[in-house]
Amino acid sequence: MNERLQQILDKLGFNLLLLAKVVLIIAAALVLERVIRVLLKRGYLRSDQSNEDRTRYRFMRNAVRFLVGLLALGAIIYSIPAFRHVAVTMFAGAGILVALLGFAAQGAFANIISGVFIVSFKPFRVGDQLTVGGHSGVVEDINLRHTVIVTVENRRVIIPNSKISEETIVNSTLTESAICELVEFSVSYDTDLSKAILLIQEESVAHPSCMDRRTPDDMERGEPAVPVRLIALGESAMTLRAYVWAKDAMSARMMHYDLNRAVKERFDREGVEIPYPHRTIIHRYEGAPPPAIAE
Numbered sequence: 148m149n150e151r152l153q154q155i156l157d158k159l160g161f162n163l164l165l166l167a168k169v170v171l172i173i174a175a176a177l178v179l180e181r182v183i184r185v186l187l188k189r190g191y192l193r194s195d196q197s198n199e200d201r202t203r204y205r206f207m208r209n210a211v212r213f214l215v216g217l218l219a220l221g222a223i224i225y226s227i228p229a230f231r232h233v234a235v236t237m238f239a240g241a242g243i244l245v246a247l248l249g250f251a252a253q254g255a256f257a258n259i260i261s262g263v264f265i266v267s268f269k270p271f272r273v274g275d276q277l278t279v280g281g282h283s284g285v286v287e288d289i290n291l292r293h294t295v296i297v298t299v300e301n302r303r304v305i306i307p308n309s310k311i312s313e314e315t316i317v318n319s320t321l322t323e324s325a326i327c328e329l330v331e332f333s334v335s336y337d338t339d340l341s342k343a344i345l346l347i348q349e350e351s352v353a354h355p356s357c358m359d360r361r362t363p364d365d366m367e368r369g370e371p372a373v374p375v376r377l378i379a380l381g382e383s384a385m386t387l388r389a390y391v392w393a394k395d396a397m398s399a400r401m402m403h404y405d406l407n408r409a410v411k412e413r414f415d416r417e418g419v420e421i422p423y424p425h426r427t428i429i430h431r432y433e434g435a436p437p438p439a440i441a442e
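My numbering puts the first residue of the sequence shown at 148, with every later residue one more than the last.
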């Protein structure tokens with residue numbers, strides 16, 4: 148068994164010196180990647196550590212890891228005589244090889260180029276709240292191949308960079324994180340609108356996540372902290388919409404759920420009716436009606 152293994156190693160041109168060279172290349176690659184990663188992290192820690200800096204740091208860290216690994220693999224292949232001969236033979240037909248590799252890896256190259264464009268033009272950054280391709284969440288990571296989004300269910304959505312570059316992106320935190328949440332309530336046509344609006348405003352302002360975004364001019368004109376508008380007259384209800392500001396998307400969503408309950412309970416106490424559809428069913432009989440059921 149040992150003789151057979153030795154024959155295979157001899158055919159590949161392996162010896163202790165070559166093995167030491169391979170180990171040295173791997174060790175050098177690990178050390179180089181570690182040193183560059185530490186330098187990148189120091190640069191990031193010296194910055195203001197904004198979402199933009201964090202995005203650039205993570206992308207560069209992933210890119211360095213990939214490039215150092217690729218260079219180490221190339222050096223190892225070139226160090227082994229048998230593999231070196233194959234590599235030289237392949238490079239003799241470099242034109243065909245490049246064409247084949249380009250065709251096979253066009254998706255990978257598209258993802259890499261798209262990742263570079265994302266980091267360069269910054270349509271979103273690590274930590275931003277995104278809605279893209281039907282998925283909503285916070286950007287956790289951007290690497291050479293894909294972007295990772297964490298949803299509110301703590302699930303990771305992996306989207307290739309080339310795909311995300313082609314989608315329409317809704318970024319809730321590109322310039323500022325504050326969100327105007329639209330909270331709607333339905334009331335019956337018998338409801339005193341002024342009373343219902345006042346109750347919604349009181350419950351909204353009382354919520355700890357509600358922000359007062361009024362300017363001094365708005366306050367001087369007597370504008371409410373939470374505007375409430377009648378936006379629709381339906382078949383059985385009037386729809387009121389409250390415009391409530393919160394510091395970020397997650398706070399706005401939790402506030403929306405809280406206000407649904409708080410306003411419902413307040414309406415119940417104050418006698419404001421939340422309508423629901425009523426149907427009157429009329430039975431039509433041909434000929435004589437059915438006999439009455441005796442009690």
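We put the beta carbon where it would ideally sit given N, CA and C, even for glycine.
Buried/exposed call for D339, threshold 16 Cβ in 10 Å: exposed
Closest residue to E287 among V375, I265, V304 and R189 (Cα-Cα distance): V304
Start and end residues, beta strand (DSSP E) containing I289: H282 to I289
Simplified DSSP state of L192, which is helix, strand or coil: DSSP places L192 in helix when its eight states are reduced to three.
Other residues of its chain near N290: CB distance less than 6 Å, five sequence neighbours each side excluded: N209
Residue environment, F206, which counts as buried when at least 16 other CB atoms sit within 10 Å: buried
Three CB pairs or more closer than 8 Å across the segment 363-371 and the segment 311-327: For the pair of segments examined, the segment 363-371 was found not to touch the segment 311-327: the number of CB pairs separated by less than 8 Å stays below three.
The segment 382-398 contacting the segment 343-358, beta-carbon criterion three pairs below 8 Å: yes
N- and C-terminal bounds of the alpha helix (DSSP H) containing M397: A396 to E417
Rounded straight-line distance, which links the Cα of Q276 to that of A396: 7 Å
Local conformation of Y204 per DSSP, three classes: helix
Beta-bridge pairing of C327 - partner residues as DSSP gives them: Bridge partners of C327: W392.
Proximity to P374 [Cα-Cα], best of I344, A175 and A176: When only C-alpha atoms are compared, the closest one is I344.
Alpha-carbon to alpha-carbon, G221 and G281: 41 Å
In DSSP terms, what R376 is bridged to: R388
Neighbour-count burial assignment, R203, 16 or more Cβ in a 10 Å radius: In summary, R203 is buried, with 16 or more beta-carbon neighbours lying within 10 Å of its beta-carbon over all protein chains present.
Beta strand (DSSP E) segment containing I344, residue limits: Counting along the chain, I344 falls outside any beta strand (DSSP E), though it belongs to the alpha helix (DSSP H) covering L340 to A353.
Buried or exposed by the 16-neighbour rule on C-beta atoms within 10 Å, applied to A399: buried
Where N308 falls: helix, strand or coil (DSSP): helix
Residues near I173 in its chain [Cβ-Cβ closer than 8 Å; skip 5 each side]: A219 and I223
Buried versus exposed, by CB contacts within 10 Å (16 or more), E350: buried
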